[in-house]
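Asker: Protein chains in written order, with the working numbering: chain A, 391 to 624; chain B, 391 to 624.
2 protein chains.
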Amino acid sequence: MRYAVLGTGAVGRTLAERLLSLGHDVVLGTRDPAATLARTGPAGSGAQVEPYAAWQAGHPRAGLAAFAEAARSGEVLVNATGGRVSIEVLTAAGAGHLDGKVLIDLANPLDFSGGWPPVLDPANSDSLGELIQRTFPGARVVKTLNTMNCAVMVDPARVPGDHHVFLSGDDEDAKSSVRELLQSFGWPPDCILDLGGIQTARGVEMLLPVWLTLMGRLGHADFNFHIQGARPRA
Amino acid sequence: MRYAVLGTGAVGRTLAERLLSLGHDVVLGTRDPAATLARTGPAGSGAQVEPYAAWQAGHPRAGLAAFAEAARSGEVLVNATGGRVSIEVLTAAGAGHLDGKVLIDLANPLDFSGGWPPVLDPANSDSLGELIQRTFPGARVVKTLNTMNCAVMVDPARVPGDHHVFLSGDDEDAKSSVRELLQSFGWPPDCILDLGGIQTARGVEMLLPVWLTLMGRLGHADFNFHIQGARPRA
Numbered sequence: 391m392r393y394a395v396l397g398t399g400a401v402g403r404t405l406a407e408r409l410l411s412l413g414h415d416v417v418l419g420t421r422d423p424a425a426t427l428a429r430t431g432p433a434g435s436g437a438q439v440e441p442y443a444a445w446q447a448g449h450p451r452a453g454l455a456a457f458a459e460a461a462r463s464g465e466v467l468v469n470a471t472g473g474r475v476s477i478e479v480l481t482a483a484g485a486g487h488l489d490g491k492v493l494i495d496l497a498n499p500l501d502f503s504g505g506w507p508p509v510l511d512p513a514n515s516d517s518l519g520e521l522i523q524r525t526f527p528g529a530r531v532v533k534t535l536n537t538m539n540c541a542v543m544v545d546p547a548r549v550p551g552d553h554h555v556f557l558s559g560d561d562e563d564a565k566s567s568v569r570e571l572l573q574s575f576g577w578p579p580d581c582i583l584d585l586g587g588i589q590t591a592r593g594v595e596m597l598l599p600v601w602l603t604l605m606g607r608l609g610h611a612d613f614n615f616h617i618q619g620a621r622p623r624a
Numbered sequence: 391m392r393y394a395v396l397g398t399g400a401v402g403r404t405l406a407e408r409l410l411s412l413g414h415d416v417v418l419g420t421r422d423p424a425a426t427l428a429r430t431g432p433a434g435s436g437a438q439v440e441p442y443a444a445w446q447a448g449h450p451r452a453g454l455a456a457f458a459e460a461a462r463s464g465e466v467l468v469n470a471t472g473g474r475v476s477i478e479v480l481t482a483a484g485a486g487h488l489d490g491k492v493l494i495d496l497a498n499p500l501d502f503s504g505g506w507p508p509v510l511d512p513a514n515s516d517s518l519g520e521l522i523q524r525t526f527p528g529a530r531v532v533k534t535l536n537t538m539n540c541a542v543m544v545d546p547a548r549v550p551g552d553h554h555v556f557l558s559g560d561d562e563d564a565k566s567s568v569r570e571l572l573q574s575f576g577w578p579p580d581c582i583l584d585l586g587g588i589q590t591a592r593g594v595e596m597l598l599p600v601w602l603t604l605m606g607r608l609g610h611a612d613f614n615f616h617i618q619g620a621r622p623r624a
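1) Sort out for me which residues DSSP pairs residue 611 (chain B) with in a bridge.
2) So the alpha helix (DSSP H) residue 477 (chain B) belongs to, where does it begin and stop?
3) Name the DSSP beta bridge partners of residue 501 (chain B), please?
4) Using the rule of at least 16 other Cβ atoms within 10 Å of the residue's Cβ for burial, across every protein chain shown, is residue 404 (chain A) buried or exposed?
5) Considering just the uninterrupted stretch of the alpha helix (DSSP H) at residue 569 (chain B), what are its terminal residues?
6) Pop quiz: residue 557 (chain A) and residue 549 (chain A) are said to be a contact at Cβ under 8 Å. What is the actual Cβ separation, rounded to whole angstroms?
7) Does the distance from the CB of residue 497 (chain B) to the CB of residue 469 (chain B) come in under 7 Å?
8) From this set, A:612, A:595, A:621, A:616, which residue's C-alpha is nearest residue 500 (chain A)'s C-alpha?
9) When the cut-off is 7 Å and only beta carbons count, does residue 482 (chain B) lie next to chain A?
10) In angstroms with no decimal places, state the Cα-to-Cα distance between residue 544 (chain B) and residue 407 (chain B).
11) Just the chain A side, please: which residues come within less than 8 Å of residue 618 (chain B) by C-beta, in chain order?
12) Residues in the region 508-520 of chain B with C-beta within 7 Å of chain C's C-beta atoms, listed in sequence order?
13) Please confirm if the region 473-491 of chain A is in contact with the region 511-523 of chain A, defined as three or more CB-CB distances below 8 Å between the two stretches.
14) Counting only C-beta atoms, is residue 593 (chain A) closer than 7 Å to chain B at any point?
15) Counting pairs of beta carbons, one from the region 524-531 of chain B and one from the region 559-567 of chain B, are three or more of them closer than 8 Å?
16) Does the beta-carbon of residue 624 (chain A) have 16 or more other beta-carbons within 10 angstroms, so that it is buried, or is it exposed?
17) How many Å lie between residue 521 (chain A) and residue 430 (chain B) at the Cα?
18) Rank B:580, B:608, B:419, B:572 by C-alpha distance to the C-alpha of residue 585 (chain A) and give the top, closest one.
19) Report the residue from B:535, B:554, B:418 whose alpha carbon sits nearest the alpha carbon of residue 392 (chain B).
20) Tell me, please, whether the CB atom of residue 499 (chain B) is closer than 7 Å to any CB atom in chain A?
21) Below 7 Å between beta carbons: does that hold for residue 546 (chain B) and residue 576 (chain B)?
22) Of all the options A:425, A:414, A:535, which has the alpha carbon lying nearest to the alpha carbon of residue 466 (chain A)?
23) Does any residue of chain B have a CB that is nearer than 7 Å to the CB of residue 603 (chain A)?
24) According to DSSP, what are the bridge partners of residue 558 (chain B)?
25) When you compare the CB of residue 599 (chain B) with every CB in chain A, is at least one pair closer than 7 Å?
26) Does the separation of the CB atoms of residue 525 (chain A) and residue 588 (chain A) fall below 7 Å?
27) In angstroms, rounded to a whole number, what distance separates the CA positions of residue 611 (chain B) and residue 565 (chain A)?
28) Cα separation between residue 426 (chain B) and residue 397 (chain B)?
29) Scan the region 561-593 of chain B for residues whose Cβ lies nearer than 8 Å to a Cβ of chain A and list them as they occur along the chain.
30) Report the option in A:439, A:453, A:553 whose CA atom is closest to the CA atom of residue 618 (chain B).
31) Go ahead and pull the three-state DSSP assignment for residue 392 (chain B).
32) Buried or exposed: where does residue 527 (chain B) fall if 16 or more other Cβ atoms within 10 Å of its Cβ makes it buried?
33) Who are the neighbours of residue 608 (chain A) on chain B, taking C-beta pairs under 7 Å?
34) By the DSSP assignment, the alpha helix (DSSP H) with residue 594 (chain A) in it spans what residues?
35) Reducing DSSP to helix, strand and coil, say where residue 418 (chain A) ends up.
36) How would you list, in chain order, the residues of chain B whose beta-carbon sits under 7 Å from the beta-carbon of residue 596 (chain A)?
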């Protein structure tokens with residue numbers, strides 16, 4: 391499969407690396423590929439993220455293209471951009487390049503501009519997942535994986551024991567294909583919880599504030615939500 | 391210990407029954423005790439909740455009083471009212487009757503008036519826990535237990551396996567005393583996660599939308615959040 395991963399930060403790179411390791415073709419999408427390759431400082435918000443060119447050198451099979459070209463060439467799209475710029479990025483990618491395609495939305499619309507703790511925008515009576523689906527009705531949006539650190543997304547065994555990943559989306563076939571992808575990442579079938587339509591993205595995005603609090607209290611990000619009692623009762 | 395449980399619905403009764411079984415004195419608080427005792431229809435939102443008088447007959451040691459009298463007599467207060475009326479109820483209880491006391495806040499400010507799904511109000515940049523603490527600065531507010539069904543609150547073993555209860559509050563001594571109470575309910579010490587100050591109530595209240603979605607998908611309420619990986623790493 392040919393994936394377009396929109397976003398070249400830690401989340402996008404982690405997804406891209408895992409997809410490549412599974413034999414997929416991957417093009418990362420960015421605003422200005424030349425600028426992305428020319429950057430020498432640490433990338434994005436994570437001071438520990440190496441410059442893109444250095445990462446690219448270690449991942450020669452990863453393509454890099456402007457958002458529109460990446461989206462055009464991808465059969466499946468992954469939104470790994472910051473949630474507050476996702477609509478702008480997807481607009482730049484081009485609605486026509488999204489039509490009919492599965493769009494995996496990993497993003498959380500966290501606004502850190504007011505300091506700590508960040509607030510979600512949209513939230514509560516709306517969600518980024520719904521906003522993307524409404525704005526790009528031709529895309530088959532599946533909200534998933536946004537409730538954990540990116541290292542756990544692609545390697546759930548990092549966190550010992552059972553824990554869950556959620557699926558929200560209106561297109562059942564799209565959710566089935568994402569379920570298969572998650573299993574290829576190592577997610578056991580009964581740890582993938584389909585919550586229903588894209589409106590249920592509201593609840594999973596609202597998990598982020600407690601996730602951030604937990605990361606601060608625990609001092610690491612190798613944890614995840616497990617819904618104890620989720621298995622059908624005897 | 392003498393507890394005042396504000397609210398006579400399923401949550402208040404479940405807490406009261408458990409506290410009584412542990413040998414505590416309990417007075418339930420209500421707006422108008424005579425009216426509460428005279429009601430013959432099902433109580434509150436749960437059609438399966440028996441009239442209060444019938445419940446009272448089976449729990450002769452449970453007292454019933456107006457909010458202010460209940461709050462006056464209680465050494466520890468439990469807010470088991472609907473989150474959207476909690477401030478009004480606590481105002482009726484009387485700020486002077488809250489001063490210096492531990493106030494355990496179980497409530498969630500869910501507004502169902504716009505249909506399904508409900509929205510939280512306040513939410514995101516505020517929480518009911520913080521609002522109560524700000525409105526009644528003399529109370530020692532501890533937000534806890536709001537992230538699960540009331541049957542699980544007082545009997546965590548209903549849900550097999552490890553799962554968590556959170557604590558949020560600015561008063562360390564108050565949290566310590568609530569921790570002891572939770573242990574007397576059956577919560578293992580390492581399943582009680584202190585998240586920090588009352589501001590962290592924001593995150594735990596924001597768990598409610600996904601909790602409601604899960605209840606709908608699973609078809610039961612005997613589940614709870616477990617933070618897999620929360621134990622310190624070796």
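Even glycine gets a Cβ: it sits at the ideal position worked out from N, Cα and C.
These numbers come from a predicted model, not from an experiment.
Answerer: Once the coordinates are examined:
1) Partner(s): none; residue 611 (chain B) has no beta bridge.
2) 476-483
3) B:509
4) buried
5) 562-575
6) So it is not a contact: roughly 18 Å between Cβ atoms.
7) yes
8) A:595
9) no
10) 9 Å
11) 549, 550, 551, 552, 553, 613, 614, 615, 616
12) Here the protein chains are A and B, and chain C is not one of them.
13) yes
14) yes
15) yes
16) For residue 624 (chain A), the predicted structure reports a pLDDT of 48, less than 50, and the residue's modelled location is therefore unreliable. The matter cannot be settled from this model.
17) 46 Å
18) B:608
19) B:418
20) no
21) yes
22) A:414
23) yes
24) B:533, B:586
25) yes
26) no
27) 25 Å
28) 11 Å
29) 583, 584, 585, 586, 589, 590, 592, 593
30) A:553
31) strand
32) exposed
33) 620
34) 591-595
35) strand
36) 596, 599, 600
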